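Residue numbers (this note's numbering): 2 to 220.
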C-alpha cells in the first residue's frame with residue numbers, strides 16, 4: 002500500500018473503544034488525527050510510529066468519545082481543529098459535563114473551522130470532501146477521499162449496524178436518509194472506517210446490514 006496516496010491507522014481510544022483514526026498523505030507524510038476522544042499518549046505513540054507530522058485535527062461529531070480531548074491535543078501539537086458542522090455546538094459545549102458522566106476527560110472548545118456540506122479539507126496533498134450527515138447527531142460530518150475510495154464515517158454507519166439515535170438531537174429517519182443519499186452515492190467499492198468496530202465497504206453493508214441493506218430498505 003505504500004504507493005497509495007492516503008494511508009490510515011486506527012487507534013482505539015477510551016473505554017468505549019472509539020476508532021480515533023490517523024490519516025496521512027504518503028507524498029508529504031503530513032497527517033490529520035480524526036476524532037481524538039481520549040488516550041492522548043496512545044495517539045501520540047501512533048503518530049510517532051507512523052513517522053508523520055500532524056497538521057490538523059478533524060472531527061466527525063461532538064460526542065465525548067470522539068471529541069473529548071481534541072482541544073488538549075490541538076494545544077499540545079499547535080494545530081487547528083476542523084469540524085464538525087456547527088449544529089453540533091450543543092455537544093461541544095457540554096463536553097466537560099458529559100466527561101464527568103462517562104468518566105472520560107472532556108474539554109469544552111469551539112473549533113477553528115466549522116464544516117458544512119460541500120466543503121473540503123486538506124491533509125498534505127490530499128483533498129477530502131465533506132458531507133453533512135445528520136441523524137446520529139445534528140452536526141455529524143463524514144470525510145471522503147474519492148481517489149482512494151476511502152471514507153471516515155464516524156458513527157453514521159458500522160459494520161452490520163448504524164449509529165444510535167436515542168440521544169439528544171438524534172433522528173433515525175434522518176440517519177437512514179443520510180446513509181442512502183450521502184454515503185451510497187460514493188460507490189459500493191468505498192472502504193470505510195467507522196467510529197467503532199471494524200472497517201467495511203458500502204457494498205458489504207448494502208448486501209448484509211440489517212438496517213440499511215437494499216433488501217431491508219425495500220421491505
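Don't be surprised by glycine CBs; every beta carbon is placed ideally from N, CA and C. Since the structure is predicted, the reported quantities are computational estimates derived from the model, not experimental observations.
Suppose you measure from the CA of residue i to the CA of residue j; what does that come to, to the nearest Å?
{"i": "residue 162", "j": "residue 77", "result": "35 Å"}
{"i": "residue 139", "j": "residue 5", "result": "33 Å"}
{"i": "residue 58", "j": "residue 130", "result": "15 Å"}
{"i": "residue 212", "j": "residue 204", "result": "14 Å"}
{"i": "residue 100", "j": "residue 43", "result": "19 Å"}
{"i": "residue 111", "j": "residue 133", "result": "18 Å"}
{"i": "residue 148", "j": "residue 178", "result": "25 Å"}
{"i": "residue 93", "j": "residue 83", "result": "13 Å"}
{"i": "residue 96", "j": "residue 122", "result": "24 Å"}
{"i": "residue 160", "j": "residue 19", "result": "14 Å"}
{"i": "residue 184", "j": "residue 202", "result": "11 Å"}
{"i": "residue 209", "j": "residue 174", "result": "20 Å"}
{"i": "residue 86", "j": "residue 62", "result": "7 Å"}
{"i": "residue 7", "j": "residue 28", "result": "9 Å"}
{"i": "residue 200", "j": "residue 46", "result": "22 Å"}
The beta strand (DSSP E) that contains residue i, what's its start and end?
{"i": "residue 31", "result": "31-35"}
{"i": "residue 23", "result": "19-26"}
{"i": "residue 127", "result": "127-133"}
Ends of the alpha helix (DSSP H) at residue i?
{"i": "residue 8", "result": "Element bounds for residue 8: not the alpha helix (DSSP H) but the beta strand (DSSP E), 7-14."}
{"i": "residue 152", "result": "Unbroken run through residue 152 is the beta strand (DSSP E), 151-155; no alpha helix (DSSP H)."}
{"i": "residue 203", "result": "203-209"}
Quick one: is residue i buried, meaning 16 or more other Cβ sit within 10 Å of its Cβ, or exposed?
{"i": "residue 169", "result": "exposed"}
{"i": "residue 153", "result": "buried"}
{"i": "residue 216", "result": "exposed"}
Determine whether the beta carbon atoms of residue i and residue j lie at a separation below 7 Å.
{"i": "residue 31", "j": "residue 136", "result": "no"}
{"i": "residue 69", "j": "residue 107", "result": "yes"}
{"i": "residue 116", "j": "residue 157", "result": "no"}
{"i": "residue 113", "j": "residue 81", "result": "yes"}
{"i": "residue 39", "j": "residue 22", "result": "no"}
{"i": "residue 65", "j": "residue 105", "result": "yes"}
{"i": "residue 206", "j": "residue 150", "result": "no"}
Fill in: Unbroken stretches of the alpha helix (DSSP H), 4 residues or longer, contained in the region 56-120
DSSP runs (the alpha helix (DSSP H)) wholly in the region 56-120: 65-68, 71-78, 90-93, 96-103.
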